[in-house]
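What follows is one structure encoded as structure tokens, with my remarks underneath.
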Amino acid sequence: MLATAAATGDRAAFAALVGRHYDRIHGLAWRLTGVRAEAEDLAQDICAALPAKLRHWRGEARFTTWLYRVVVNAAHDLRRRQTTRAKASLGWGDWEMARQEEIAVQAEAQDWLAQAMTGLAPELRDTLALVLGEEMTQAEAGLVLGVSEGTIAWRMSEVKKRLRAKAREDAT
Amino acid sequence: MNDGLDALRAALKAAPAPDADAKARAMALAMENFDRLQGSAEAGRSSEDRPKAAPLNGVRRMFHALTSRPALAATTSVAALVIGVAVILPVADLRLGKPELPPETPVARTAEPGPAEATLSADRTAAPLADAAPQPEAKAVAADELARTEESDAASSAVAAAPEPQAEAAMPEALPSAPVAGLAAEGEMRLRAEAPAEGGGVKGYAAAPAPDAMLAPPENTEAYANDAPNPVKVTAEEPVSTFSIDVDTASYAVVRSSLTSGYLPGPEQVRVEEMVNYFPYAYPAPTPEQAFASTVSVMPTPWNPGTRLVTIGIQGALPEVAARPPLNLVFLIDTSGSMEDANKLPLLKQSLSLMLAELRPEDQVAIVAYAGSAGEVLPPTAAADRAAILAALDNLMAGGSTAGAEGLELAYRVAEGMKAEGEVSRILLATDGDFNVGIDDPEGLEAYVARKRETGTYLSVLGFGRGNLDDAIMQALAQNGNGTAAYIDTLSEARKVLVDQLTGALFPIADDVKIQVEWNPATVAEYRLIGYETRSLRREDFNNDKVDAGEIGAGTQVTALYEVTAPGSEALLNDPLRYGAAPAGGTGEELGFLRLRWKAPGAEVSTLAETPITGEEAATAETRFAAAIAGFGQLLQGSVYLGDWGWDEAIALAQANRGEDGFGYRSEAVNLMRLAQALDR
Chain A
1 MLATAAATGD RAAFAALVGR HYDRIHGLAW RLTGVRAEAE DLAQDICAAL PAKLRHWRGE
61 ARFTTWLYRV VVNAAHDLRR RQTTRAKASL GWGDWEMARQ EEIAVQAEAQ DWLAQAMTGL
121 APELRDTLAL VLGEEMTQAE AGLVLGVSEG TIAWRMSEVK KRLRAKARED AT
Chain B
1001 MNDGLDALRA ALKAAPAPDA DAKARAMALA MENFDRLQGS AEAGRSSEDR PKAAPLNGVR
1061 RMFHALTSRP ALAATTSVAA LVIGVAVILP VADLRLGKPE LPPETPVART AEPGPAEATL
1121 SADRTAAPLA DAAPQPEAKA VAADELARTE ESDAASSAVA AAPEPQAEAA MPEALPSAPV
1181 AGLAAEGEMR LRAEAPAEGG GVKGYAAAPA PDAMLAPPEN TEAYANDAPN PVKVTAEEPV
1241 STFSIDVDTA SYAVVRSSLT SGYLPGPEQV RVEEMVNYFP YAYPAPTPEQ AFASTVSVMP
1301 TPWNPGTRLV TIGIQGALPE VAARPPLNLV FLIDTSGSME DANKLPLLKQ SLSLMLAELR
1361 PEDQVAIVAY AGSAGEVLPP TAAADRAAIL AALDNLMAGG STAGAEGLEL AYRVAEGMKA
1421 EGEVSRILLA TDGDFNVGID DPEGLEAYVA RKRETGTYLS VLGFGRGNLD DAIMQALAQN
1481 GNGTAAYIDT LSEARKVLVD QLTGALFPIA DDVKIQVEWN PATVAEYRLI GYETRSLRRE
1541 DFNNDKVDAG EIGAGTQVTA LYEVTAPGSE ALLNDPLRYG AAPAGGTGEE LGFLRLRWKA
1601 PGAEVSTLAE TPITGEEAAT AETRFAAAIA GFGQLLQGSV YLGDWGWDEA IALAQANRGE
1661 DGFGYRSEAV NLMRLAQALD R
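First to last, the protein sequences are chains A and B. The opening position of the first sequence corresponds to residue 1 in my numbering, with each subsequent residue numbered one higher. The opening position of the second sequence corresponds to residue 1001 in my numbering, with each subsequent residue numbered one higher.
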């Protein structure tokens, strides 16, 4: 298998692997961040770290499942860094206010997706990106996110609930 | 109905095509890193088959194989030595590059090359090894390669000192004046070997294989609060040792959970003092007017006949249970999606309902849940109304993200509302430690909890589940919130923490308990505090009542152990200085002087108690059992101070001193040691 060969040091296999999966990485990164520039940066960071990461891949998961997990984790780290940065310049109490403001600013962006997604908690966003965007089953998404199928089901119903609430809001 | 969802789906499917230039750039970068890494098959490869949740066991086992079987080294298995070198170098260098290096290794620090450079040279030596190691023919080649690329000094001393391969390997330049160091300086080398073998170094190593550290390993997001084990200190240079007591037990439960799952815990998961303090000890009870009594005992150190072990045991008073003040409890429960596992929320519900039976009718309980948004699930309710409380517990469902900060604020507000004169208020935070929304700034949270502590509300943390257990945050919260951190992995552990030891866990009898020991240079040349790394205080903090320290609960015990070495003993690890001033000579026969400071709950000013340590205090089965557990912890850490003392000795010592063991905790510990011994092979 390509990934196994790459993991054991086959250069051509690695090149083919990255070439084949770059679009997938980029796509998921975009679905997770909702911003094209960030998706590009994230995909590049992941590619750069992939040779080292690949050594942790022990073939116990399907390669794509593992790769999705890497992307989701990288996106989490990116969010965390952004949060920390935002917080470094603000006091503890002001931080939540600033976050809300930031959400408001982003909501004004033309990007409809970013608008819809930023209203949701990160876990829900991740779940949506995988289930709707990557057309995974709930079991597969659970495998990537490290939660049970039930949790994914619950998250999807939570998203529906929020969307209904939002629709009501928009209607009034 | 699903219009919104369909629109989302459509939008998500419409991912923009990636930019060709960006793709080319990313791929070029990937290939560049791939080549760099392939050119240097670094140590990560040797651990490919390691167990998933114990990232460094492979390496650790190798350490043990190398150290505990002198026969292996004695047959001059150069390959083994060289593997030792190749595996350990990155560890040592990263560890040494860290700023909080113990002062005892200044030689190594000044002499060592920069971390990046050192890693590269390690890579060079490791490259031929990865493939060649198993074949004996290849060994000599590898060794030559090593000798050429590494400082030949280090290589030759590595060969000379066969029984301790990792010591020299780890410190290539630490022994410039002792190339044939195998015999005379063995003790010294053992001391120096400490740095790479212990927690901090291993953490550094864990980060090593990924050049870009921003990408965390995907499978496990646990974080542990720990420092490198305390080094040996020279009494003449630093006669005073100061630390805060620690009544947490989380580390022991984490260790148990790892062992029973079939893998050795990582050194960073082991806090020796928490393992020792997990067990109840039958120390003499204080006189009625005292908040607690201290008991000192001195005995030969089990693992080193040349040193003595000083045990300081503190027994808290047990006020009459009938007279305890009414209790206000706020359960702050994490109901985020990650809590869904059977060993998290369901176990938590069972645990809390066990505890409910222990409460008095006049006690009050409120429940705050946090997930997505925080909410008061149960308004303050008298404990007599069990049905309402149980129903509220049962209704808790896992799902959503974790809004830890919001939940904490609400819990403090609720606790404040419940407060009345003479009552004790406590928040019990139950979580898997996943404070990932709005609260990934532990320092801000700590500061907040520390401020709230002033209001008199205590905060205890119960950890559940593994996988993203954030031990570091749990520790920070409990230490700053005047509470304890316990880790609950089974229902019987819940019983221990919440039922058997409820009074101790919930009713503080002394706040800010600090211990200071001044050693007498005339009788103690070197000393080492075992554990309490995360609790050390500065000397001047002892008398400063503004400095926070640990709390002690009703009827609980706290134990601290020192290993001390007499002047002139063969077990001394540090040589006298050639150019330094003559050590300040102490006088008298006493070993040292024990000072304790504490505040009555809520008091501003501390009380001082002083006791000399004469060295005549006899050991008991209790203190010997504590020593066995301290040995257990240090074995798990791969401590360098234990010499040949191993699992068999630890098990025998614990077994012989189990005492009455009414709850079976000590028998369980013996079984865990056997399990660890089996896993360590």
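The C-beta atom is built at its ideal place from N, Cα and C for all residues, glycine as well.
Beta-carbon gap between K1452(B) and Y1412(B) smaller than 7 Å
Taking the first residue of the second sequence as 1, we reach residue 1452(B) at position 452. Taking the first residue of the second sequence as 1, we reach residue 1412(B) at position 412. Cβ distance < 7 Å, so K1452(B) and Y1412(B) count as in contact.
Are there any heavy atoms of the ligand PLP lying less than 6 Å away from the beta-carbon of E1273(B), as far as the coordinates show?
Questions concerning the ligand PLP fall outside what the structure shown contains, since it holds no ligand whatsoever.
Using only the alpha-carbon positions, how far apart do Q1364(B) and K1419(B) sit?
As a working note, residue 1364(B) is residue 364 in the second sequence. As a working note, residue 1419(B) is residue 419 in the second sequence. Rounded to the nearest angstrom, the two C-alpha atoms are 10 Å apart.
Evaluate Q44(A) with the Cβ neighbour count: other Cβ atoms within 10 Å of its Cβ, from every protein chain shown; 16 or more gives buried, anything less gives exposed.
Locating residue 44(A) in the first sequence gives position 44, counting from the first residue. Counting Cβ neighbours within 10 Å, Q44(A) comes out buried, since at least 16 surround it.
For chain A, check one thing: does any of its Cβ atoms lie closer than 7 Å to the Cβ of A1015(B)?
Start at 1 with the first residue of the second sequence, and residue 1015(B) comes out as number 15. Closer than 7 Å to some Cβ of chain A, the Cβ of A1015(B) qualifies, so yes.
Sequence ranges, beta strand (DSSP E) only - wholly within the region 1603-1668 of chain B, length at least 3:
1607-1613
Assigned secondary structure, D1500(B) (DSSP; H/G/I helix, E/B strand, else coil)
Mapped onto the second sequence, residue 1500(B) falls at position 500. Here D1500(B) carries a helix assignment [DSSP, helix/strand/coil].
Who pairs with M1299(B) in a beta bridge, going by DSSP?
One-based indexing of the second sequence puts residue 1299(B) at position 299. Answer is L1309(B).
Under 7 Å between the Cβ atoms of A1618(B) and I1552(B)?
What you label residue 1618(B) is simply residue 618 of the second sequence in a count that begins at 1. What you label residue 1552(B) is simply residue 552 of the second sequence in a count that begins at 1. It is not a contact, given that the beta carbons lie outside the stated cut-off.
Could one say the Cβ of R1009(B) lies closer than 7 Å to chain A's Cβ atoms, at least one of them?
On the second sequence, position 9 is the one that residue 1009(B) refers to. Output row for R1009(B): interface = yes.
Residues that DSSP places opposite T1556(B) in a beta bridge:
Translated into the one-based positions of the second sequence, residue 1556(B) becomes position 556. According to DSSP, which records beta bridges pairwise, T1556(B) is partnered with nothing at all.
Span of the beta strand (DSSP E) around F1593(B):
Here residue 1593(B) refers to the residue found at position 593 of the second sequence. Run containing F1593(B): G1592 to K1599, per the beta strand (DSSP E) assignment.
Residues bridged to K1514(B) (per DSSP):
On the second sequence, position 514 is the one that residue 1514(B) refers to. K1514(B) pairs with S1244(B) and R1597(B).
Contact with chain B by A165(A), beta-carbon distance below 7 Å:
Your numbering for residue 165(A) matches position 165 in the first sequence. So no, A165(A) is outside the interface.
Taking Cβ positions only, does W92(A) come closer than 7 Å to chain B?
The residue labelled residue 92(A) in the question sits at position 92 within the first sequence. With a pLDDT of 43 at W92(A), under the threshold of 50, the modelled position of this residue cannot be trusted; read the value that follows with caution. Cβ-Cβ to chain B under 7 Å: yes for W92(A).
Would you list, in chain order, the members of the region 1016-1031 of chain B that have their beta-carbon closer than 7 Å to a beta-carbon of chain A?
P1016, P1018, D1019, A1022, K1023, R1025, A1026, M1027, L1029, A1030 and M1031
Note down the Cα distance separating E1590(B) from I1389(B), rounded to an integer number of angstroms.
For the purposes of this step, residue 1590(B) is taken as residue 590 along the second sequence, with counting starting at 1. For the purposes of this step, residue 1389(B) is taken as residue 389 along the second sequence, with counting starting at 1. Going from the Cα of E1590(B) to the Cα of I1389(B) covers about 56 Å.
Just the Cα atoms here: how many angstroms apart are A1323(B) and A1486(B)?
For the purposes of this step, residue 1323(B) is taken as residue 323 along the second sequence, with counting starting at 1. For the purposes of this step, residue 1486(B) is taken as residue 486 along the second sequence, with counting starting at 1. Their backbone Cα atoms lie some 26 Å apart in a straight line.
Which of the three DSSP states, helix, strand or coil, is assigned to G1465(B)?
If you number the second sequence from 1, residue 1465(B) lands on position 465. Collapsing the DSSP output to three states places G1465(B) in coil.
Could you list the residues in the region 13-41 of chain A with a C-beta less than 7 Å from some C-beta on chain B, going in chain order?
F14, A15, V18, G19, Y22, D23, H26, G27, W30, R31, R36 and E40
Mind listing the chain B neighbours of D48(A)? Cutoff is C-beta to C-beta under 7 Å, in chain order.
Against the first sequence, residue 48(A) aligns to sequence position 48. For clarity, residue 48(A) is Ala in the given sequence; the question names Asp instead. Those are L1029, A1030, N1033 and D1212, listed as they occur along chain B.
How do the region 1555-1566 of chain B and the region 1621-1638 of chain B stand: do at least 3 beta-carbon pairs fall below 8 Å, yes or no?
yes
With DSSP as the reference, label R1233(B) as helix, strand or coil.
As a position in the second sequence, residue 1233(B) is number 233, starting the count at 1. In the sequence as displayed, the identity of residue 1233(B) is Lys instead of Arg. The answer is strand: DSSP assigns K1233(B) an E or B state.
List the residues of chain B that A43(A) touches, going by C-beta distances under 9 Å, in chain order.
If you number the first sequence from 1, residue 43(A) lands on position 43. Within 9 Å Cβ-Cβ: P1018, A1022, K1023 and A1026.
Straight-line CA distance for S1258(B) to Q1269(B)?
The count along the second sequence starts at 1 and reaches residue 1258(B) at position 258. The count along the second sequence starts at 1 and reaches residue 1269(B) at position 269. The straight-line gap separating the alpha-carbon atoms of S1258(B) and Q1269(B) is approximately 10 Å.
Hey, is G142(A)'s beta-carbon within less than 7 Å of any beta-carbon in chain B?
Mapped onto the first sequence, residue 142(A) falls at position 142. So no, G142(A) is outside the interface.
Compute the beta-carbon to beta-carbon distance between T1242(B) and K1599(B), rounded to the nearest angstrom, for a pair I have assumed lies under 8 Å.
The residue you call residue 1242(B) lines up with position 242 of the second sequence. The residue you call residue 1599(B) lines up with position 599 of the second sequence. Their Cβ separation, rounded to whole angstroms, is 16 Å, which puts T1242(B) and K1599(B) out of contact at 8 Å.
List, in chain order, every chain A residue whose beta-carbon is nearer than 8 Å to that of L1012(B).
Position 12 of the second sequence, counted from the start, is the residue given in the question as residue 1012(B). Those within 8 Å of L1012(B) in chain A are R31, L113, L128, A129, L132 and G133.
Count the other C-beta atoms from every protein chain shown that fall within 10 angstroms of the C-beta of T1431(B), then say buried if there are 16 or more, exposed otherwise.
Position 431 of the second sequence, counted from the first residue, corresponds to residue 1431(B). Flag for T1431(B) reads buried.
R168(A) versus chain B: which residues are under 8 Å apart at the beta carbon?
On the first sequence, position 168 is the one that residue 168(A) refers to. None at all; the shortest Cβ gap to chain B is about 11 Å.
Please return the same chain residues whose Cβ sits closer than 8 Å to the Cβ of E1274(B), not counting the five positions on each side in sequence.
Taking the second sequence and counting its residues from 1, the one referred to as residue 1274(B) is at position 274. Same-chain partners within the cutoff: D1246, D1248, T1249, A1250, S1251, Y1252 and G1531.
How would you write the range of the beta strand (DSSP E) that F1331(B) sits in, first residue to last?
In the second sequence, residue 1331(B) corresponds to position 331, counting from 1. Here the beta strand (DSSP E) through F1331(B) covers L1327 to D1334.
In the DSSP assignment, find the alpha helix (DSSP H) that holds L145(A) and state where it starts and stops.
Translated into positions along the first sequence, residue 145(A) becomes position 145. Where L145(A) is concerned, the enclosing alpha helix (DSSP H) stretches over Q138 to L145.
Of the residues E149(A), L67(A), R162(A) and D23(A), the one placed nearest E40(A), counting alpha carbons only:
Start at 1 with the first residue of the first sequence, and residue 40(A) comes out as number 40. Among E149(A), L67(A), R162(A) and D23(A), the Cα nearest to that of E40(A) belongs to D23(A).
Partner residues on chain A for L1037(B), Cβ-Cβ distance less than 7 Å:
Walking along the second sequence from the start, residue 1037(B) turns up at place 37. Under the 7 Å cutoff, chain A gives P51 and A52.
Alpha carbon to alpha carbon, what distance is there between A37(A) and P1018(B)?
Along the second sequence, read from residue 1 onward, the residue named residue 1018(B) stands at position 18. Along the first sequence, read from residue 1 onward, the residue named residue 37(A) stands at position 37. Cα-Cα distance, rounded: 10 Å.
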